[in-house]
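>
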Amino acid sequence: MKYGKLLCRDETRPRPFRKKARTMTPSRMNVESFNLDHRLVSAPYVRVADRKTLPQGDVITKYDVRFTQPNAGHLEMKAVHSLEHLFAEYSRNHSAAVIDFSPMGCQTGFYLILQGDPDSAEVLELIESSLTDILNATEVPAANEVQCGWGQNHSLEAAQDAARGFLAQRAVWEQVFA
């Protein structure tokens, strides 16, 4: 019985519920990045983090766009927030496949979600073009209290510095592991 009374070994009288001891053995988790050993990656990089075929046959692909080395560095929140606004806006000038560009809570990178299963060269070009646009930006789009939940928490300069650093490492974006 799934929800019935818990019985003793002789199954004649109920016994109190005892929580089963949890083991610390690694098990597959539902969230893809929780299954990634963050000690083995070498940022900056771009990798396919997930690919899903939806019930109607549409495909979406999620990319891990990692700016800083996990557990060794992170982007400051103003840079993260501004990169999110800038990339989300500018990337859509280059591709109608962009669904979302969202920051990782660890502040080491972003998830880029695209419709379809694009060629990796196309994705890298989209990222490169969008970051180049960020370098040429004169303001952070929608960085105000009407269009943003924390409109004062932005820094164009910090976003441009992060974009510049990521672009400078363009040659190693496809190398995920050291």
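Each number in the numbering used here corresponds to the 1-based position in the sequence shown with 7 added. Don't be surprised by glycine CBs; every beta carbon is placed ideally from N, CA and C.
By Cβ distance, which residues of its chain are closer than 6 Å to residue 116, with the 5 residues on each side in sequence left out?
Excluding residues within five positions, the ones whose Cβ falls inside 6 Å are 72, 73 and 74.
> Taking three-plus beta-carbon pairs below 8 Å as touching, is the segment 169 to 180 in contact with the segment 126 to 143?
They touch, by the three-pair rule.
> Taking only the alpha-carbon atoms, compute the straight-line gap between residue 175 and residue 108 and give it to the nearest angstrom.
Taking the straight line joining both Cα atoms gives about 21 Å.
> Check whether the Cβ atoms of residue 166 and residue 43 lie closer than 7 Å to each other.
Contact flag unset, no.
> Helix, strand or coil for residue 116? Go by DSSP, reduced to three states.
Strand at residue 116.
> Please state the DSSP three-state secondary structure of residue 177.
Residue 177: helix per DSSP, three-state reduction.
> Would you please state the rounded distance, in angstroms, between the beta carbons of residue 131 and residue 104? I believe it to be under 8 Å.
About 14 Å; that fails the 8 Å criterion.
> On the three-pair Cβ rule with 8 Å, is the segment 177 to 185 touching the segment 79 to 98?
No contact exists between the segment 177 to 185 and the segment 79 to 98.
> Strictly by DSSP, which residues pair up with residue 47?
In DSSP, residue 47 forms no bridge with anything.
> Once DSSP output is grouped into helix, strand and coil, what is the label at residue 184?
Of the three classes helix, strand and coil, the one that applies to residue 184 here is strand, per DSSP.
> In three-state DSSP terms, what is residue 139?
Helix.
> Below 8 Å on the Cβ atoms is my contact criterion, and I expect residue 184 with residue 49 to pass it. Report the Cβ-Cβ distance as a whole number of Å.
Rounded, the Cβ-Cβ distance is 6 Å, consistent with contact.
> From residue 182 to residue 53, what does the alpha carbon distance come to, in whole angstroms?
Cα to Cα, residue 182 sits roughly 8 Å from residue 53.
> What did DSSP end up calling residue 24 once you bin it into helix, strand or coil?
Reliability fails at residue 24, whose pLDDT of 41 lies under 50, so the model's placement of it is uncertain and the value that follows must be treated cautiously. Residue 24: coil per DSSP, three-state reduction.
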